[in-house]
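One structure below.
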Amino acid sequence: VYFQARETVNPFYARTPGIVQECMDLLAEQVGRAYHLVEYAGDPEAERVVVVMGSGGETVEETVNHLNASGEKVGVIRVRLYRPFPVAELVAALPRTAKVVGVLDRTKEPGSNGEPLYLDAVAALSGAFADGTLESMPRIVGGRYGLSSKEFTPAMVAGVYAALAQERPPTGFTIGIHDDVGGTSLDYDPEFDIEDDQTLRAVFFGLGSDGTVGANKNTIKILGEDPNRFAQAYFVYDSKKSGGSTISHLRFGPHPIKAPYLVNTAGFVGCHHFGLIDKLDVLGLARPGGVLLLDAPMAAGEVWDALSRQAQEQIVAKDLQVYAIDAGTVARNAGLPGRTNTVLQTCFFAISGVLPRDEAIEEIKKSIRKSYGRRGQEVVRRNEAAVDAALEHLHRIEVPDEASSQRNPRPIVADDAPEFVKSVTAAMMGGRGDALPVSAMPVDGTYPSGTTKYEKRRISDLVAEWDPKGCIQCGNCAFVCPHSVIRSKFYPAVALDAAPESFESAPLNAAGLPESRYTLQV
C-alpha cells in the first residue's frame, strides 16, 4: 500500500503555494516588504529573460535595470518558492515577447540533461506551450554559476545577457570561471561596474586575531546607526584562523545597497600588515585616485623605498594617495601588542572623512567601552590611549612620478617546490584561486599531501630570543612553533672552538652525553 499512501499528500502540496503566498502577504502588511512566489523585473517587452533563485537574483535585477537604462530589452524572473514548483506563476510572469530564456542554477548535476531549475523551467514552459497558454515557445538555455560561493557579479550577469543575444545561444554554459577543458565558460568584461558613485567602497587586508574584522564590524555599526546612511559588510577568511589572512569588504552610502558580492573596485584600501602587499593583490582592488593606508613597521621616510617595484608601479599608475602608520609600535606603547585594530580604524575615519574627526573618535571610544568594558577598565583605557595616539603617528607618503625600487616580491613558494604547488597552491595562497583554469584541477579530486611545508607565511614582526639560563631543553617550542622556524641542536663542545662570541649555547642536560652543548635558534 506504499504507493497509495504516498499519493495521499497531493492535495496538501497543491494548496501549499497559496498558503505560502498568504504568508508573504501577511509579512508585507506587517513590515512593508512584499514578496511573491515568482517575481518579474525588467522591460515589460523584454526579449531576453533570465530565470534565477536566491541571492543571485538581486544582482541580476540590478544589472537588468542598468542594461535597460542603456536601451536594452531584458528582464529577470526570480523564483521565491521552489517546491512545490509554481508552474502557473512562472508562465504568467514571462513576457510574451521573450525570445530567449536563460536559466541559472547554482549547482551541478553530473550526468543529467540539465540542472534542476533549468529542467523545471523547460517542463513548465513547454507544458504551457502544449496546452496553448503560451502562443510561442522561446528558446531555453541553462547555465551554472556561483558554485561553492564563487562570486557572481554584475559583470558576469552582463556576460550572460550578451550570450543570450547570440544567434544560437549556448546551453550548459558556465559563468565566472575559465573552462579551458570543456569550453563551457562565457566571456565577460571584469571591468563592468554598476555601483552607485555615492557609495564609498573600502577593503581592508589583515591577519586573523589582529582585530581588523572586529574593528570593521564596529565601523559598520557606527555608520549604520545613522538613519540616513546604509551600510554593508562582507568578511573573507582563510582556514588558518589566528594569523591567517582576512579581507573585509565595506560599503556605505546614502542609498540602499543591493550588492550581494564582494567589492572589486575600492576607493579606500587598508593593508593592515605590510607583508601582505607582496603576497595578495592588495593594490589590484584600488580604483584610480583612491587611498592606500599601510601599516608599515618603519619610519615614514623609509616606507616608499621598502615597497617592491611592482607595488610602486601600481601606486604611480593609479595615482593613489598613500598614508602610513607604524600601528604595531603605537599599539605596543599603549600596552596592546599585536592589537592594531583601533589604531587603524581611527586612521580610516580620519582619512576617509565619512564622519567629522572628533565625532568619529568619540564613536570609536563608545564602541571600545561597549566591546571591552566587561574585560575591565584597564583594557578600555589602553584602547582609548591607542586611539588618541594614532593620528600623531599617521603620515602622508610622498609618491614620486616613477618607481625607484629594485626589489621584486619574493616568490610565494620556493623554486624547488613541486609543479602542482607552484601552479595551484601558490595561486590560492596569493588569493588568485578564482583565476585558475579548469585544466589546473586534478580530474579525480585528489590533492598532493605534505604541502603545508610550502605554506610558511612569514608574518611575524618579532623574532623570539632564546634565554639559555631559563631553558629546560624540553624541545616543546621547536615542536609547536607555528612558523616552523625554531631549531634545537646538540653537538660536541669542540664544535664551538671557532664560533663567534655572540653564538649562544648551554651545557646539554641529557644523561650519557658529556662534553656536549645545546643551542636553540630561529
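The sequence shown begins at 3 in this note's numbering and counts up by one. Think of the CB as a built atom: it goes at the ideal place given N, C-alpha and C, for glycine as much as any other residue. Every value quoted in this text rests on a predicted model; they were computed, and no experiment measured them.
Bridge partner(s) assigned by DSSP for residue i
i	result
Tyr456	Paired residue(s): none; Tyr456 is not in a bridge.
Phe41	For clarity, residue 41 is Glu in the given sequence; the question names Phe instead. DSSP, once it has assigned bridges, lists Arg80 as partnering Glu41.
Asn251	For the sequence presented, residue 251 should be read as His rather than Asn. DSSP, once it has assigned bridges, lists Val205, Tyr236 as partnering His251.
Pro494	Ser518
Thr155	According to DSSP, which records beta bridges pairwise, Thr155 is partnered with nothing at all.
Ala268	Ala288
Gln323	Val293
Gln523	Arg489
Ala391	Answer by DSSP bridge pairing: none, since Ala391 is not bridged.
Asp107	Arg146
Met55	Val81
Ala508	Tyr520
His397	Ala326
Arg434	Beta-bridge pairing links Arg434 to no other residue.
Phe175	Gly145
Check: residue i C-beta below 6 Å from any heavy atom of the ligand ATP
i	result
Asp418	With respect to small molecules bound, the structure shown includes none, and the ligand ATP cannot be examined in it.
Residue i burial status per 10 Å Cβ neighbour count (16 or more: buried)
i	result
Lys455	exposed
Pro19	buried
Lys281	buried
Asn220	buried
Gln347	buried
Arg170	exposed
Met158	buried
Thr521	buried
Val11	exposed
Phe276	buried
Asp212	buried
Val305	buried
Leu296	buried
Glu2	The displayed coordinates of the chain run from 3 to 524. Any statement about residue 2 would go beyond what the structure contains.
Phe1	Any answer about residue 1 is impossible in this case: the structure gives the chain only from 3 up to 524.
Leu202	buried
Arg35	exposed
Thr448	exposed
Pro229	exposed
Cβ distance (whole Å) where residue i is taken to contact residue j below 8 Å
i	j	result
Ser462	Pro494	With 8 Å as the limit, Ser462 and Pro494 do not qualify as a contact, their Cβ atoms being about 32 Å apart.
Thr65	Pro156	4 Å
Gly161	Ile179	Going by Cβ atoms, the distance from Gly161 to Ile179 rounds to 12 Å, so no, they are not a contact pair.
Ala298	Ala326	4 Å
Gln200	Gly255	5 Å
Ser247	Leu209	7 Å
Phe206	Gly272	4 Å
Glu153	Tyr239	Contact flag wrong, Cβ pair sits at about 16 Å.
Ile79	Val40	6 Å
Ser135	Val93	A quick correction: the sequence has Thr, not Ser, at residue 135. Rounded, the Cβ-Cβ distance is 6 Å, consistent with contact.
Ala204	Gly269	7 Å
Thr214	Ser241	Not a contact, Cβ separation roughly 17 Å.
Leu498	Ser504	Contact doesn't hold; Cβ gap of about 12 Å is too wide.
Contact set for residue i: own chain, Cβ-Cβ below 7 Å, skip 5 residues either direction
i	result
Val426	Leu438, Ala442
Gly226	Ala233
Val496	none
Pro411	Asp280, Ser310, Gln312
Ile224	Glu365, Ser369
Ala419	Tyr456
Pro172	Val143, Ala165
Tyr120	Val105, Asp107, Gly144
Asp198	Gly255, His257
Phe194	Pro156, Ala157, Ala160
Asp189	Gly161
Same chain, Cβ closer than 6 Å to residue i, neighbours up to 5 away in sequence not counted
i	result
Gln523	Arg489
Asn511	Gln475
Asp45	Asn70, Lys75, Gly77
Tyr163	Arg50, Val76
Arg359	Ala352
Leu393	Ala352
Val62	Val52, Val54, Val78, Val159
Phe422	Pro450
8 Å CB neighbourhood of residue i in its chain, flanking five on each side removed
i	result
Ile222	Ala233, Gln234, Ala235, Leu252, Phe254
Asp283	Gly432, Gly433, Arg434
Ala100	Ala48, Glu49, Arg50, Val51, Gly77, Pro140
Asp191	Ala157, Ala160, Gly161
Leu357	Ile224, Leu225, Phe351, Glu365
Query raised in the report: Are the region 143–150 and the region 86–93 touching, with three or more C-beta to C-beta distances below 8 Å?
Result: no
Query - contact_flag[the region 338–355, the region 371–391] where n(CB pairs < 8 Å) is 3 or more - result: By the C-beta criterion, the region 338–355 is judged to be in contact with the region 371–391, since at least 3 inter-stretch pairs fall below 8 Å.
Report task. Indicate whether the contact test is met: 3 or more Cβ pairs, each with one atom in the region 310–322 and one in the region 284–297, closer than 8 Å. Result -> The region 310–322 vs the region 284–297: in contact.
Query raised in the report: How do the region 181–195 and the region 115–130 stand: do at least 3 beta-carbon pairs fall below 8 Å, yes or no?
Result: no
Query raised in the report: Okay, do the region 249–263 and the region 386–399 touch, 3+ Cβ pairs below 8 Å being the bar?
Result: Contact between the region 249–263 and the region 386–399 is absent, because fewer than three Cβ pairs lie under 8 Å.
Requested in this report: Answer yes if the region 403–414 comes into contact with the region 306–321, meaning at least three C-beta pairs across the two stretches below 8 Å, and no otherwise.
Outcome: Yes, the region 306–321 is in contact with the region 403–414.
Requested in this report: Check whether the region 465–475 touches the region 499–516, taking contact to mean three or more Cβ pairs, one atom from each stretch, closer than 8 Å.
Outcome: yes
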